[in-house]
């Protein structure tokens, strides 16, 4: 049974979320402030999912997210932002902070429950490997079913957006992906007025996390990015 932490200062919404999540079979721990939520985490360990309102009294949801990502125990905790701000630029900021999903208020509760289920499914451990879900590129191995990535047999942590970005590049090896294409396919953003800097930021972070394989993500000037079609000797060596 998954443990879900909710930090939301609107009492009616907090009660609604708690009621519906419990009906789905989850254990729910609701709080009205970021300070209370983080105190619960410090005493009980990481939840399976944190749902954070961005505009909170005192400590904002953004600050709560930052602290969760900085803590070794909770850096891999899935985070879902709830916000009244629905502009693409606001969603981009949320994803840049490491959110796994971003839901705009008001929302349909049923849709939110489906998103919660999808996040928990991606972050859960599936006992049996499905070979068709795996992809290998040099010392890099991705398992799409289990939403996990290894580098030279050492598992590395990727945020949901970093995982989707890597997945898209791996699926299109040797083919250039424009920044607008990446914004559409990875972030589901169709507004081209959104600054594409968020793509560059995520590519930079992804390269750093992939170590020697990171160099295989090539920048194509004035176009976008592509993953080299084949790994080099450096990218296949475990030394």
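Numbering (the working numbering), first residue to last: 542 to 780. Positions of the beta carbon are idealized from the N, C-alpha and C atoms, including for glycine. Bear in mind that the values here come from a model prediction, so they are computed numbers and not experimental data.
Contact under 8 Å by Cβ, residue i with residue j
i           : j           : result
residue 746 : residue 703 : yes
residue 724 : residue 744 : no
residue 565 : residue 654 : yes
residue 587 : residue 618 : yes
residue 641 : residue 701 : yes
residue 590 : residue 605 : no
Contact set for residue i: own chain, Cβ-Cβ below 7 Å, skip 5 residues either direction
i           : result
residue 760 : 766
Neighbourhood of residue i by C-beta distance below 6 Å, restricted to the same chain and skipping five residues each side
i           : result
residue 691 : 682
residue 571 : 547, 555, 559
residue 714 : 768, 770
residue 669 : Because the pLDDT at residue 669 is just 40, under 50, the model does not fix this residue reliably, and the point stays unresolved.
residue 562 : 545, 569
residue 609 : 615, 618
Burial state of residue i, where buried means 16 or more other Cβ atoms lie within 10 Å
i           : result
residue 688 : buried
residue 623 : buried
residue 639 : buried
residue 569 : buried
Continuous alpha helix (DSSP H) stretch holding residue i: start and end
i           : result
residue 553 : 552 to 564
residue 575 : 575 to 585
residue 769 : Premise fails: residue 769 is in no alpha helix (DSSP H) and is neither H nor E.
residue 746 : 738 to 750
residue 706 : 701 to 712
residue 754 : First-last for residue 754: undefined, no H or E at that position.
residue 664 : 650 to 664
Residue i, enclosing beta strand (DSSP E) - first and last residue
i           : result
residue 638 : Looking at the DSSP string, residue 638 is not in any beta strand (DSSP E), and its letter there is neither H nor E.
residue 597 : Unbroken run through residue 597: none, as it is neither H nor E.
residue 696 : 695 to 697
residue 760 : 758 to 761
residue 724 : Run containing residue 724: none in the beta strand (DSSP E); it sits in the alpha helix (DSSP H), 720 to 728.
Residue i Cβ short of 7 Å to the ligand COA heavy atom set
i           : result
residue 608 : This structure lacks the ligand COA; in fact it carries no ligand of any kind.
Counterpart residues of residue i in DSSP-defined beta bridges
i           : result
residue 684 : 675, 689
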